[in-house]
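*Asks:* Residues 1 to 184 (the working numbering) make up the sequence shown, in order.
We put the beta carbon where it would ideally sit given N, CA and C, even for glycine.
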Amino acid sequence: VMFLFFARPWADWYAMVLFIVAAFTDYLDGYLARAWKLETLFGAAMDPIADKALVMIALLVINGYAGLTPWIMLPSAIIIYREVFVSGLRESLGDRARALKVTNLAKWKTTSQMIAITLLFAKGVIEHHAVLEDGSYRRWLMGWSDWAGNAGIVLLWVAGGLTILTGWDYFRKALPFLRETAHD
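In structure tokens, the structure reads:
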């Protein structure tokens with residue numbers, strides 16, 4: 001978020017690079033923890049929180065840059081709502097939250113979010129670089145900027161759809177625990 005204080009296009013570059021590094025190290029951390037059998041309860045609890053924070057902050061920044069266009073704002077709102085909802089669900093379940101294991105579909109959701117956000121940041125980077133050019137190179141860059149933006153929006157909608165499915169799946173799995181009374 002602090003990169004919003006930098007002038008564009010530098011803010012776009014910083015935001016995109018920082019996001020890519022954070023997303024890659026998040027993936028690498030999880031992969032190595034599983035490969036080396038170093039998984040911990042703390043890591044299992046904190047990793048989803050870090051993922052959610054990374055995605056929500058990036059979506060807020062992108063929506064700020066994009067001028068709150070509905071094509072970006074609606075799937076972003078769905079994603080942010082689901083992330084807060086699932087976090088609240090896990091919190092309300094306490095120790096029983098272990099029943100809400102991360103599914104492969106949820107991993108695909110996170111992957112599609114990360115790629116969509118990267119593409120949307122890349123659109124801004126390419127677009128600002130294209131402004132400095134002229135002629136056919138400028139048209140070529142603008143074509144890539146449009147492609148990155150459109151692909152990012154499509155993938156953000158895919159992520160929004162997966163977000164609804166995985167949110168429903170978590171809620172369905174948590175429902176038996178939520179129906180318990182204080183006397184159970």
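#1: Just list the alpha helix (DSSP H) runs in the stretch 56 to 102, keeping only unbroken ones of 4 residues or longer that don't cross its boundaries, in chain order.
#2: Out of 94, 130, 155 and 157, point me to the one whose CA is closest to residue 144's CA.
#3: Please check the pair residue 120 and residue 152, which I expect to be a contact at CB under 8 Å, by giving their CB distance rounded to whole angstroms.
#4: Give the secondary structure of residue 7 by DSSP, where H, G and I count as helix, E and B as strand, and everything else as coil.
#5: What's the gap between the Cα of residue 12 and the Cα of residue 104?
#6: Please classify residue 92: is it buried, with 16 or more other beta-carbons within 10 angstroms of its beta-carbon, or exposed?
#7: Answer with buried or exposed for residue 19, where buried requires no fewer than 16 other C-beta atoms within 10 angstroms of its C-beta.
*Replies:* Reading it off the structure:
#1: 70 to 93
#2: On the sequence shown, residue 144 is found 144 positions in, with the first residue counted as 1. Answer by Cα proximity: 130.
#3: Taking the sequence shown and counting its residues from 1, one reaches residue 120 at position 120. Taking the sequence shown and counting its residues from 1, one reaches residue 152 at position 152. With 8 Å as the limit, residue 120 and residue 152 qualify as a contact, their Cβ atoms being about 4 Å apart.
#4: Residue 7 sits at position 7 when you count from the first residue of the sequence shown. Here residue 7 sits in coil by DSSP.
#5: Residue 12 sits at position 12 when you count from the first residue of the sequence shown. Residue 104 sits at position 104 when you count from the first residue of the sequence shown. Each residue's alpha carbon lies about 31 Å from the other.
#6: Counting from 1 along the sequence shown, the entry for residue 92 is found at position 92. It is exposed - the Cβ of residue 92 has fewer than 16 other Cβ atoms within 10 Å.
#7: Looking up residue 19 in the sequence shown gives position 19. Buried, by the Cβ-count rule.
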